[in-house]
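Residue numbers (this note's numbering): -8 to 414.
Note that beta-carbon positions come from the ideal geometry of N, C-alpha and C, so glycine has one too.
First comes the structure, then the notes that go with it.
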Amino acid sequence: MQRTLANQISENAGKQVMLLGFLHWKRDLGGVQFALLRDRTGIVQLVLTKGQKLPLAESCIQVTGRVVQNAKAPGGFEVLAESAEVISQALEPTPVEIPKEEWRANPETLLEYRYVTLRGEKARAPLKVQAALVRGFRKHLEAGGFTEIYTPKLVSAGAEGGSNLFALDYFEQRAYLAQSPQLYKQIMVGVFERVYEVAPVWRAEEHSTSRHLNEYLSLDVEMGFIQDEDDVMDLEEGLLQTMLEEAHMSAGAEIKLVGHDFPTPPKEIPRITHAEARKILKQLGTGVGQDLNDEAERALGGYLKEKYNSDWVFVTKYPQGVRPFYTHPEPDGTTRGFDLLFRGLEITSGGQRIHKYDELVESLKRKGNDPAQFGGYLEVFKYGMPPHGGFAIGAERFTQKLLGLPNVRYARAFPRDRHRLTP
Ligand code: AMO
């Protein structure tokens, strides 16, 4: 008999089915036993008679039986099981009860036993939504003539500056884990004009926060022959629409399960300059530094929601002091660098880049870098580089904010943070 999946139960009402999955939960009520079987698509309620013996929760089972209607069962149907065979037996009870504890248990416990707690429906949902977002990302860019690239993750210099680099021994040399594919994606603009990458990056963040990971998935885009950074923001607007549509389409059940107010795709995102943002924040009485701190980002998010009913805002024209060396400067001391805030949190940085050799060398020096260290990157600017720009979306942070997760760690299967290297 062919396998029936949990999400195909209703269309099989009255029929005999064979299910494969994990024993999610069981309860013995004397004369009759209830159980839940979980597969990749969802959950099915099983009704078993007293004699049928069930293994420990999370064992893999094969069940055959008839589908009947029951308004009280999840999805309105259940299976009267005639046989339940164990395919792979769980050897021990799970450290937390998967159906019950997934959100209520202490986060430390959830993360420590992630290899099994991830099986919970609500625990796995963000990963499914994220996979859909990434699929939308690829889909939109492929349609726009972008080529997927794969850049080195072992590098000789940091692209983003700062001290958050992981160093390692590379034979006789010092190497680093890539903080971003920034320099390579720019080089690849000279090859394909339009490129993107979906890959992990590493940041040695000393502090443990609910928004920072030490390893995260960076969704990177770079495109050539632009006028200015507005072209890049236009691209991101369309891209976000496709990403959210794909999530709605192929992870709608998971979005519903998490039960957060998932946004509608943004048609047009308000763009305000950094100087305007600072003015607004001053009026609101929020302290601001050169870079917008978390409190400022949150306050700005709240203000824009009220004023434009928008969950999204591009903050543009950041000052030179707070942007990396590759950012295209403006004569007035600002840059063509922007951030995208979603519900008061930065989920993207981007901008137009410097594409002229001399200016790049100058900018490197101004930021205290030794141009000799950037040899392989700098060289390419001697051979004609178009005006170009791009951005990167932090996949986990975006997923976290979209789904209202209390911690960015829940948007990564096996998060790496200040104190966690396993599982
Ligand atoms: P930036 O350093 O701002 O820009 O990073 C881009 C986006 O990545 C996410 N992010 C993080 N997510 C989780 N944990 C972290 N520690 C972390 N750090 C950053 C955020 C952020 O907006 N090269 C530029 C991008 C570009 O200009 O194309 C860069 O990496 O969502």
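Euclidean distance between Cα positions of residue i and residue j
{"i": "G181", "j": "P378", "result": "10 Å"}
{"i": "D30", "j": "G12", "result": "5 Å"}
{"i": "V223", "j": "M214", "result": "8 Å"}
{"i": "L118", "j": "D349", "result": "44 Å"}
{"i": "R165", "j": "V313", "result": "27 Å"}
{"i": "A266", "j": "V306", "result": "9 Å"}
{"i": "H203", "j": "D19", "result": "44 Å"}
{"i": "M9", "j": "V59", "result": "14 Å"}
{"i": "A62", "j": "A116", "result": "25 Å"}
{"i": "G366", "j": "D221", "result": "30 Å"}
{"i": "V54", "j": "T100", "result": "31 Å"}
{"i": "P254", "j": "F333", "result": "10 Å"}
{"i": "L336", "j": "V120", "result": "19 Å"}
Segment limits, beta strand (DSSP E) that includes residue i
{"i": "S340", "result": "L336 to Q343"}
{"i": "A166", "result": "Q164 to L168"}
{"i": "Y24", "result": "Correcting the residue identity first, residue 24 is Gln in this sequence and not Tyr. Q24 -> beta strand (DSSP E) spans V23 to D30."}
{"i": "V58", "result": "C51 to Q60"}
{"i": "L71", "result": "F68 to S79"}
Three-state secondary structure (DSSP) of residue i
{"i": "F216", "result": "coil"}
{"i": "T233", "result": "helix"}
{"i": "H15", "result": "strand"}
{"i": "M9", "result": "strand"}
{"i": "L393", "result": "helix"}
{"i": "G385", "result": "strand"}
{"i": "E188", "result": "strand"}
{"i": "R409", "result": "coil"}
{"i": "F157", "result": "coil"}
{"i": "G42", "result": "coil"}
{"i": "L(-4)", "result": "coil"}
{"i": "G209", "result": "Note that residue 209 is Ser in the sequence shown here, rather than Gly. Residue state, collapsed to three classes: strand."}
{"i": "H379", "result": "strand"}
Residue-chain proximity (residue i, chain D), Cβ-Cβ < 8 Å
{"i": "R409", "result": "Reference to chain D is not applicable here, since this structure consists of a single protein chain."}
Enclosing alpha helix (DSSP H) for residue i [first to last residue]
{"i": "Q173", "result": "Q173 to F183"}
{"i": "V371", "result": "Premise fails: V371 is in no alpha helix (DSSP H) and is neither H nor E."}
{"i": "A244", "result": "G243 to V249"}
{"i": "K356", "result": "Y348 to R357"}
Contained alpha helix (DSSP H) runs [length at least 4] in the region 261 to 336, N- to C-terminal order: You should have 265 to 275 and 285 to 299.
For the region 81 to 143, list the alpha helix (DSSP H) runs that are entirely contained and at least 4 residues long, ordered along the chain. 89 to 92, 98 to 103, 105 to 108 and 112 to 134
Under 8 Å: do the region 65 to 84 and the region 19 to 37 share three or more Cβ pairs, one atom per stretch? yes
Measuring CB atoms only, is the region 182 to 194 touching the region 134 to 148, in the sense that at least three cross pairs come out at less than 8 Å? yes
Whether or not the region 201 to 215 and the region 383 to 397 are in contact is what I'm after, with contact meaning three or more pairs of Cβ atoms, one per stretch, closer than 8 Å; do they touch? yes
Given 8 Å, three or more beta-carbon pairs between the region 153 to 164 and the region 234 to 253: Fewer than three beta-carbon pairs drawn from the region 153 to 164 and the region 234 to 253 are found closer than 8 Å, and the two stretches are therefore not classed as touching.
Does the region 313 to 323 touch the region 288 to 295, meaning 3 or more C-beta pairs lie closer than 8 Å? Two segments are said to touch when three or more pairs of C-beta atoms, one from each, lie closer than 8 Å; by this definition the region 288 to 295 does not touch the region 313 to 323.
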